Structure formats: C-alpha cells, structure tokens
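As they're listed, the protein sequences go chains A and B. The opening residue of the first sequence carries number 1 in this note's numbering; numbering runs sequentially from there. The opening residue of the second sequence carries number 120 in this note's numbering; numbering runs sequentially from there. Glycine included, each C-beta is placed from N, C-alpha and C at the ideal position. Computed from a prediction, not measured in an experiment: that's the story for all the values here. The structure under discussion appears below in the form of structure tokens.
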Amino acid sequence: EAEVAQSPRYKITEKSQAVAFWCDPISGHATLYWYRQILGQGPELLVQFQDESVVDDSQLPKDRFSAERLKGVDSTLKIQPAELGDSAMYLCASSRRSAGGPSGANVLTFGAGSRLTVL
Amino acid sequence: GDSVTQMEGPVTLSEEAFLTINCTYTATGYPSLFWYVQYPGEGLQLLLKATKADDKGSNKGFEATYRKETTSFHLEKGSVQVSDSAVYFCALVNSGGYQKVTFGIGTKLQVIP
Chain A
1 EAEVAQSPRY KITEKSQAVA FWCDPISGHA TLYWYRQILG QGPELLVQFQ DESVVDDSQL
61 PKDRFSAERL KGVDSTLKIQ PAELGDSAMY LCASSRRSAG GPSGANVLTF GAGSRLTVL
Chain B
120 GDSVTQMEGP VTLSEEAFLT INCTYTATGY PSLFWYVQYP GEGLQLLLKA TKADDKGSNK
180 GFEATYRKET TSFHLEKGSV QVSDSAVYFC ALVNSGGYQK VTFGIGTKLQ VIP
C-alpha cells in the first residue's frame, strides 16, 4: 500500500535554530498539505499545494515558516528561527483530487508525522 | 468560514459498550464529511466518509450519517473494543475551489477491558 513518507520522525532543536521537514507524497497525488497538530488539538492547515503552486497559505506564519514543492512532487517545510511555541507534530498529507470537480473525493492520506520539540 | 465542532473527550468506555461521538459542522455549499482516526504515534487514517445528505458512511463497525437538517455527522459503533482506543477527528471538505479540509479538535476514546 502506498504511503506518504516524512522525515525526520523526531526533531529536537533549540530556539532560534533552523529546522526542516521533508515529505514525499503518494505518486500521482497532485495535492499536498502541511498541517500542524499541537498536542490535544486537531490538525491546522499551514499550506496547501496544487502541483507546485501554493493555493492556500493563509495560516502559515510567513515571517518564520516557508514551504516549497519545486517539481510538484516532494516538499520541504522550513522554520527559521524556531520558537518554543512551534513544538508540535507536523503532518504531511496528499490527495489525488485536483481543483474543481465534484466534492467528496478528496480523501487525504497522511504520513506518520514529524514531531518537533523546541527547547 | 467552515468549522467543525466535536464533543470534547476523553471518552472512557468499557469493552462492548455503545459509542457515540458527536460532530456538527458549519459550512457554505455542500461539503463532504469524514471521520479520521489517529492511533498513538501515528498519522491520521480515513475511517469513513459521506459525500451528500443522508449518505451513511461505514467501516470496521463504525457508522455515521450525513444529516443536513441538523448539520451533524455523529460517529457510532455498537460494541467497542480495546483496539478502538484512539483519537477520532471529524472533518469536512468544502465543495468549491481547492477543497480545503477543516478538522475538529478530536475526541480521545479510551476503551477499558
């Protein structure tokens, strides 16, 4: 069964340092999502890509976070500088659905996540 | 904007008890509705979905019916097992644009033997 790959699984860093997460979606999935999940809360969308283009980054703290998906396949999420409040699970997901068309088919497949601890 | 409201947990049940986790939503248009499950240390997995009013999604003994009149999508299972212990997330996908997915806060279920 195809999986969404994420790395690293765990990352401990000190505040003000830079950190990066990588995601490889399921082959052929046009849409890629980065979510942040704080302990005890639901996932919060940070950025959504359609192929290589950002279609929603309204909740991405752009002063410190950046995301790219240069070739429309794998993606990197970067935080610089990291702050204590960034400690969370960072989840990547992908889906086959492209823009438009009937709703209901946009099933997300999630990776196992990258847990970040900022000290 | 779109939103999903779930009952707060944790929910603790004995094995073989009946489970209900409430979920209501606010959305424009005609969203699709989902339940995802997250086991400890893992990412989220799709449990079931419903794409239009009165649809019933089902999987692994879990069921949920899309009720447009009450804007609800409550999750039910007739007899829970210890292995069902996890966090359950209700979610919706809006019907237009790039189909943003909105999640509820999650409800933790603990089933004790």
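- By alpha-carbon distance to residue 110 (chain A), the top candidate from A:117, A:93, A:119 is A:93.
- Closer than 9 Å to the CB of residue 25 (chain A) there is not a single CB belonging to chain B.
- Interface annotation for the region 49-62 of chain A against chain B: 50, 55, 56, criterion Cβ-Cβ distance under 9 Å.
- Nearest to residue 158 (chain B) by alpha-carbon distance, out of A:118, A:54, A:113, A:63, is A:113.
- Cβ contact annotation for residue 122 (chain B) (same chain, cutoff 6 Å, sequence separation greater than five): 145, in chain order.
- Counted as a single uninterrupted DSSP element, the beta strand (DSSP E) harbouring residue 145 (chain B) occupies residues 142-145.
- Annotated three-state conformation of residue 85 (chain A) is helix, per DSSP.
- If the five residues before and after residue 229 (chain B) are omitted, its C-beta is found closer than 6 Å to the C-beta atoms of 129, 131, 204, all from its own chain and listed in chain order.
- For residue 36 (chain A), the uninterrupted beta strand (DSSP E) run begins and ends at 31-37, by DSSP.
- Between residue 166 (chain B) and residue 211 (chain B), the CB-CB gap reaches or exceeds 9 Å.
- Around the Cβ of residue 232 (chain B), a 10 Å sphere holds fewer than 16 other Cβ atoms; the residue is exposed.
- When the alpha-carbon of residue 200 (chain B) is set against those of B:174, B:213, B:181, the nearest one is in B:181.
- Take residue 69 (chain A), set aside five residues on each side of it, and the residues of its chain with a beta-carbon closer than 7 Å to its own are 32, 49, 52, 75, in chain order.
- With a cut-off of 8 Å on Cβ pairs, the region 51-67 of chain A is in contact with the region 77-85 of chain A, counting three or more such pairs.
- When secondary structure is reduced to three states using DSSP, residue 56 (chain A) falls in the strand class.
- Short of 6 Å from the beta carbon of residue 17 (chain A), and not among the five residues preceding or following it, lie these beta carbons of its own chain, in chain order: 82.
- Within the DSSP secondary-structure output, residue 195 (chain B) pairs in a beta bridge with B:139, B:182.
- As computed with DSSP, residue 168 (chain B) is found in a beta bridge with B:153.
- For the 9 Å CB-CB criterion, residue 138 (chain B) and residue 188 (chain B) do not form a contact.
- A check of alpha carbon separations from residue 46 (chain A) across A:38, A:40, A:56 identifies A:56 as the nearest.
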